[in-house]
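Trainee:
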Amino acid sequence: MTRVSFKNPLEGIEEKFEMIQILDEDGQIVDEDNVPDLSDDDLVELMRRMVYTRVLDQRSIALNRQGRLGFYAPTAGQEASQLGSHFAMEKEDFLLPAYRDVPQLIFHGLPLYQAFLFSRGHYHGNQMPEDVNAVSPQIIIGAQITQAAGVAYGFKHNGKKNVALTYTGDGGASQGDFYEGVNFAGAYKAPAIFVVQNNQFAISVPVEKQSAAETIAQKAAAAGVPGYLVDGMDVLAVYKVVKEARDRAVNGEGPTLIETMTYRYGPHTMAGDDPTRYRTDDMDDKWEKRDPLVRFRKYLEGKDLWSEEKENEIVETAKEEIKEAIKKADKQDKQKVTDLISIMYDELPQNLEEQMEEYKEKESK
Ligand SMILES: Cc1ncc(C[n+]2csc(CCOP(=O)(O)OP(=O)(O)O)c2C)c(N)n1
Ligand SMILES: [Mg+2]
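290 is the number that UniProt numbering gives to position 290 of the sequence shown; each next residue is one higher, with no gaps.
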């Protein structure tokens, strides 16, 4: 009879969840075997999306300060994690973003002016165009995880070769919904991809205070789901891991949990938190040296695929598109209470019919 060993099963667990990196901070390939199979055009497109998103972030912050946008959660620092993962998605795949994931939603097809309306709390910002397989950014932390498990199960049930990809943060991985969603997808081998963007903080609470787990990736193990930890500042690594997860999912091999190690340079949202109260300059400096755009730019320059002129052109085009989109958002009719009622129901319940009349009356004055 073998004797029961009381050795701590968590001993050495870090080795099982080592961080995957392909492109290092100097723009050098460190894992030749895993360089993803992307054409030169794809590589340039990935960089274009990251540059566009950095500009959109800067402009959104400025517009917010001018009182021309409402809710806004800054994205700078997280571009590789956001756009690298989304690049592995197909148009027919279903996206369930969190509030910081507006860039992925735009590249999945949501017109920019609608993203601005979402920020303003206008209902039209939440009306996905027919051909955009996505829901609006989730504000309730973790709710999208269980929804993604359900959408993925639906794909499987209907025999579709598609995935549901959802995003949450390190804080989201402490919620009950997170465990339920990952567990359900694991049990039903549903084609879901759960991306946890670990930007080190849930508002001001550091990740070490949110969980005793060494990594978030290892939380997948309890559900019998593969979990990977990836350098979230390395766009090639993020793309590669998500692409592998997608291939497995559409092949009937079930869900994957992916933790991307990243950092947001700005505040949590534009509602007024002050990151200097919970972060040090040293920490900011350390992460800024890992910047996803700087390292990918170096890599592309080394391949003669990128230049300053090209980047300037993208920046100017982005600024122009943003200007046009905000003008279009400004032209949208102000939302009325009657709009909110009528977009919710095909047929109104009696109590709302009464309210509808009441508000029609008020709005006509
Ligand atoms: C269920 C729920 N609880 C609390 C909040 C308030 N809240 C908004 S953002 C946030 C932190 C989330 O942090 P994280 O998941 O790491 O995402 P990040 O903002 O860093 O991208 C909290 C607690 C919420 N929106 N929903
Ligand atoms: Mg976070």
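Think of the CB as a built atom: it goes at the ideal place given N, C-alpha and C, for glycine as much as any other residue.
(1) Give the straight-line distance between the Cα atoms of D339 and H124, rounded to the nearest whole angstrom.
(2) How many angstroms separate the CA atom of R38 from the CA atom of V205?
(3) Give me the Cβ distance between P292 and A249, rounded to the nearest whole Å; I'm assuming they're in contact under 8 Å.
(4) Note down, in chain order, each residue of its chain lying with its Cβ closer than 7 Å to the Cβ of Q175, except the 5 sequence neighbours on either side.
(5) Please return the same chain residues whose Cβ sits closer than 6 Å to the Cβ of Q355, not counting the five positions on each side in sequence.
(6) Just how far apart, CA to CA, sit E214 and Q144?
(7) What is the rounded straight-line gap between the Cα of T317 and the Cα of Y228?
(8) Mark D170 as exposed unless 16 or more other C-beta atoms lie within 10 angstroms of its C-beta, in which case mark it buried.
(9) Can you tell me where the alpha helix (DSSP H) holding N198 begins and where it ends?
(10) Cutting at 7 Å between CB atoms, please list the residues of its own chain near D177, excluding the five before and the five after it.
(11) Using the C-alpha atoms, what's the distance from E358 back to A152?
(12) In this structure, does DSSP put Q332 in helix, strand or coil?
(13) Give the C-beta separation of M233 and R279 to the nearest angstrom, bearing in mind that I take them to be a contact with Cβ-Cβ under 8 Å.
(14) Does the beta carbon of A143 fall short of 7 Å from some heavy atom of ligand 2?
(15) Helix, strand or coil: which one does DSSP assign to residue 392?
(16) Flag N351 as yes when its Cβ comes closer than 7 Å to any non-hydrogen atom of ligand 2, and as no otherwise.
(17) Whose CB is closer than 5 Å to a heavy atom of ligand 1? List the residues in chain order.
(18) Is the CB-CB distance between A73 and R54 below 8 Å?
(19) Near Y265, what residues of its chain come up, given a Cβ to Cβ distance below 6 Å and the 5 sequence neighbours on each side ignored?
(20) The beta strand (DSSP E) that contains T256, what's its start and end?
(21) To the nearest angstrom, report how far apart G181 and A149 are at their CA atoms.
(22) Candidates I343, A80, V337: which alpha carbon is nearest V195's?
(23) Taking three-plus beta-carbon pairs below 8 Å as touching, is the stretch 233-244 in contact with the stretch 23-39?
Mentor: Taking the definition as stated:
(1) 10 Å
(2) Strictly speaking, residue 38 in this sequence is Leu, with Arg absent from that position. Going by the C-alpha atoms only, they are around 37 Å apart.
(3) Rounded, the Cβ-Cβ distance is 25 Å, inconsistent with contact.
(4) I141, G142
(5) none
(6) 24 Å
(7) 36 Å
(8) buried
(9) From DSSP, N198 is part of no alpha helix (DSSP H) but of the beta strand (DSSP E) over 192-198.
(10) G142, A143, I145, T146
(11) 42 Å
(12) coil
(13) The Cβ separation is near 17 Å, so there is no contact.
(14) no
(15) Here the chain comprises residues numbered 1 to 365, so residue 392 is not present and cannot be evaluated.
(16) no
(17) R100, I140, I141, G169, D170, G171, G172, N199, A202, I203
(18) no
(19) A76, G77
(20) 256-261
(21) 5 Å
(22) A80
(23) yes
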